[in-house]
Amino acid sequence: MPFVTVDGQALHYIDQGTGPAVLLAGSYLWDQAMWAPQITALSQHYRVIALDLWGHGESGRMPECTKSLDDVARQALALLDHLDIDRVTLVGLSVGGMWGVRLALSAPQRLNGLVLMDTYVGVEPEPTRQYYFSLFKQIEDSGVISPQLLDIVVPIFFRPGIDPQSTLFQDFRARLAALPADRLRESIVPMGRITFGRDDLLPRLGELNPETTLLMCGDQDKPRPPSETKEMAELIGCPYVLVPEAGHISNLENPQFVTEALLAFLAQRN
Numbered sequence: 001m002p003f004v005t006v007d008g009q010a011l012h013y014i015d016q017g018t019g020p021a022v023l024l025a026g027s028y029l030w031d032q033a034m035w036a037p038q039i040t041a042l043s044q045h046y047r048v049i050a051l052d053l054w055g056h057g058e059s060g061r062m063p064e065c066t067k068s069l070d071d072v073a074r075q076a077l078a079l080l081d082h083l084d085i086d087r088v089t090l091v092g093l094s095v096g097g098m099w100g101v102r103l104a105l106s107a108p109q110r111l112n113g114l115v116l117m118d119t120y121v122g123v124e125p126e127p128t129r130q131y132y133f134s135l136f137k138q139i140e141d142s143g144v145i146s147p148q149l150l151d152i153v154v155p156i157f158f159r160p161g162i163d164p165q166s167t168l169f170q171d172f173r174a175r176l177a178a179l180p181a182d183r184l185r186e187s188i189v190p191m192g193r194i195t196f197g198r199d200d201l202l203p204r205l206g207e208l209n210p211e212t213t214l215l216m217c218g219d220q221d222k223p224r225p226p227s228e229t230k231e232m233a234e235l236i237g238c239p240y241v242l243v244p245e246a247g248h249i250s251n252l253e254n255p256q257f258v259t260e261a262l263l264a265f266l267a268q269r270n
């Protein structure tokens, strides 16, 4: 498996296909495997890179110097430098979009295009932030995501109508239940606090290029509702698309729709 050492830790990524580069940046609590349907399709035409967040998938623990999403963006740029990739189209879902915007603002010359999915770069509403921080405290104290917490956390990622016995739902639940205490305490919880304690980037969205930016959101996304996507699209001046029959992990709940939208966007950029 390919790794690169960044800030003293092993960052895991996959690198598949040839052609113009596409960087897939996924959600908190998910690893690069969440992009499997898109990787299969996109790598027929593009060089697809997908990375694991610190403490997720095969990546090492979060480096001590990681204090904000700006650090995560800088670490992703280090991966692109390692791979000698000059320009990339970045597709960021959830936290991947949150740090993806920071990469786009800090290094606009590195991007051919930017797709932001099921994400929001304003501050987390205070009641939600406090709620998530209380969950992190429980996880940190116990060293496990308990069955009671799983009942709360897992449904957040899916549309309300999903079958809780589906493979997608049950596999995700099982992966969270199996996370070891050290990984939770050293990486997962700190990454969550960085994510939901983020600063406000809404005032800077006008700096993005509306001609090369697309927003997408599951039409039934609960943590990042379509209203947030519309707000950001208006500030950027770019189009947005709602993914039908999808919640927060819209690319897995309606993979064909998302893949076709990405292929259409990429065809215009490259």
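Numbering-wise, the UniProt record's numbering puts 201 at position 201 of the sequence shown, and it's gapless, one number per residue.
Each residue gets a CB set at the ideal place from its N, CA and C atoms; glycine is no exception.
Keep in mind it's a predicted model, so treat the numbers as computed, not measured.
- Strand pairing of F3, partner residues [DSSP]: The sequence position of residue 3 within the sequence shown is 3, counting from 1. DSSP lists H12 as partners of F3.
- From what residue to what residue does the beta strand (DSSP E) around V48 run? As a position in the sequence shown, residue 48 is number 48, starting the count at 1. Segment R47 to L51, the beta strand (DSSP E) holding V48.
- Message: Taking the beta carbon of S227 as the centre, do at least 16 other beta carbons fall within 10 Å, making it buried, or is it exposed?
- Response: Here residue 227 corresponds to residue number 227 of the sequence shown, with the count starting at 1. The residue in question, S227, is exposed, as its Cβ has fewer than 16 Cβ neighbours within 10 Å.
- Query: Is the distance from the Cβ of G247 to the Cβ of F158 below 9 Å?
  - Reply: Locating residue 247 in the sequence shown gives position 247, counting from the first residue. Locating residue 158 in the sequence shown gives position 158, counting from the first residue. Annotated as proximal: G247 and F158, with beta-carbon spacing under 9 Å.
- Query: Can you tell me whether A25 is buried or exposed, with buried defined as 16 or more other CB within 10 angstroms of its CB?
  - Reply: Sequence index remark: in the sequence shown, residue 25 carries index 25 (1-based). It counts as buried.
- Query: Starting from N251 and walking both ways along the alpha helix (DSSP H), at which residues does that stretch end?
  - Reply: In the sequence shown, residue 251 corresponds to position 251, counting from 1. N251: member of the alpha helix (DSSP H) spanning S250 to E253, first to last residue.
- Apply the 10 Å Cβ neighbour rule to E234 and answer buried if 16 or more other Cβ atoms are within range, or exposed otherwise. Your numbering for residue 234 matches position 234 in the sequence shown. Taking a 10 Å sphere around the C-beta of E234, we find fewer than 16 other C-beta atoms and assign the residue as exposed.
- Query: Pairing CB atoms from the stretch 201-208 with CB atoms from the stretch 124-142, are three or more of them under 8 Å?
  - Reply: No, they do not touch.
- Just the Cα atoms here: how many angstroms apart are G55 and M191? On the sequence shown, position 55 is the one that residue 55 refers to. On the sequence shown, position 191 is the one that residue 191 refers to. Between the alpha carbons of G55 and M191 lies a distance of about 9 Å.
- Note down, in chain order, each residue of its chain lying with its Cβ closer than 8 Å to the Cβ of I152, except the 5 sequence neighbours on either side. Translated into positions along the sequence shown, residue 152 becomes position 152. Apart from sequence neighbours up to five positions away, the residues of its chain that approach I152 with a beta-carbon distance below 8 Å are L135, ordered along the chain.
- In this structure, does DSSP put A21 in helix, strand or coil? To locate residue 21, count along the sequence shown from 1; it is residue 21. Three-state result, A21: strand.
- At least 3 beta-carbon pairs within less than 8 Å: the stretch 98-111 vs the stretch 70-83: Judged by Cβ distances under 8 Å, the stretch 98-111 makes contact with the stretch 70-83, as three or more pairs qualify.
- Query: Exposed or buried, which one is D221 when buried takes at least 16 other CB atoms within 10 Å?
  - Reply: Here the question's residue 221 lines up with position 221 in the sequence shown. With 16 or more other Cβ atoms within 10 Å, it is buried.
- With distances taken Cα to Cα, identify the nearest neighbour of V95 among R198, I162 and D182. Against the sequence shown, residue 95 aligns to sequence position 95. The candidate whose alpha carbon is nearest that of V95 is R198.
- Query: Cβ of L168 within 9 Å of Cβ of L93?
  - Reply: Locating residue 168 in the sequence shown gives position 168, where the first residue counts as 1. Locating residue 93 in the sequence shown gives position 93, where the first residue counts as 1. The answer is no: Cβ separation not under 9 Å.
- Query: Going by Cα to Cα distance, which pick from G57, T18 and V22 is closest to M34?
  - Reply: Numbered from its first residue, the sequence shown carries residue 34 at position 34. Cα-wise, what sits closest to M34 is G57.
- Message: If you measure between the beta carbons of Y120 and T212, is that distance less than 9 Å?
- Response: The residue given as residue 120 occupies position 120 in the sequence shown. The residue given as residue 212 occupies position 212 in the sequence shown. Contact: no.
- Message: Please state the DSSP three-state secondary structure of Y28.
- Response: Translated into positions along the sequence shown, residue 28 becomes position 28. For Y28, the secondary structure class from DSSP, reduced to helix, strand or coil, is coil.
- Task: Tell me, to the nearest whole angstrom, how far the beta carbon of T66 is from that of D7; I am working on the premise that it is less than 8 Å.
- Result: Here the question's residue 66 lines up with position 66 in the sequence shown. Here the question's residue 7 lines up with position 7 in the sequence shown. Contact flag correct, Cβ pair sits at about 7 Å.
- Quick one: using the 10 Å Cβ neighbour count with 16 as the cut-off for buried, is Q170 buried or exposed? Counting from one through the sequence shown, the residue named residue 170 turns up at place 170. Classification of Q170: exposed, given that the 10 Å Cβ count is below 16.
- Query: In terms of residue numbering, what span does the alpha helix (DSSP H) encompassing Y132 cover?
  - Reply: Walking along the sequence shown from the start, residue 132 turns up at place 132. First-last of the alpha helix (DSSP H) with Y132: E126 to S142.
- Message: Among C238, P244 and N209, whose alpha-carbon lies nearest the alpha-carbon of G218?
- Response: In the sequence shown, the residue the question calls residue 218 occupies position 218. G218 has its Cα closest to that of P244, out of C238, P244 and N209.
- Query: Among I236, R193 and L242, which one has its Cα closest to the Cα of Y28?
  - Reply: Position 28 of the sequence shown holds residue 28. When each option's Cα is compared against that of Y28, the closest is R193.
- Can you tell me where the alpha helix (DSSP H) with T195 in it begins and where it stops? Numbered from its first residue, the sequence shown carries residue 195 at position 195. Element bounds for T195: V189 to F196.
- Query: What three-state label does DSSP hand G97 in the structure shown?
  - Reply: By one-based count along the sequence shown, residue 97 stands at place 97. It is helical.
- Query: Roughly how many angstroms lie between the CA atoms of S250 and Q16, to the nearest whole one?
  - Reply: If you number the sequence shown from 1, residue 250 lands on position 250. If you number the sequence shown from 1, residue 16 lands on position 16. For the pair S250 and Q16, the Cα-to-Cα distance works out to about 22 Å.
- Item | Nearest neighbour of N270, chosen from T195, F196 and R87 [CA to CA] | Here residue 270 refers to the residue found at position 270 when the sequence shown is read from its first residue. With distances taken between Cα atoms, N270 lies closest to R87.
- By DSSP, does T167 sit in helix, in strand, or in coil? To locate residue 167, count along the sequence shown from 1; it is residue 167. In the three-state reduction of the DSSP assignment, T167 falls in the helix class, which pools H, G and I.
- Query: Whose C-beta lies closer than 7 Å to the C-beta of S68 among residues of the same chain, with five residues either side of it excluded?
  - Reply: For the purposes of this step, residue 68 is taken as the residue at position 68 of the sequence shown. Excluding sequence positions up to five before and after S68, its CB lies within less than 7 Å of the CB of I194, all in the same chain and listed in chain order.
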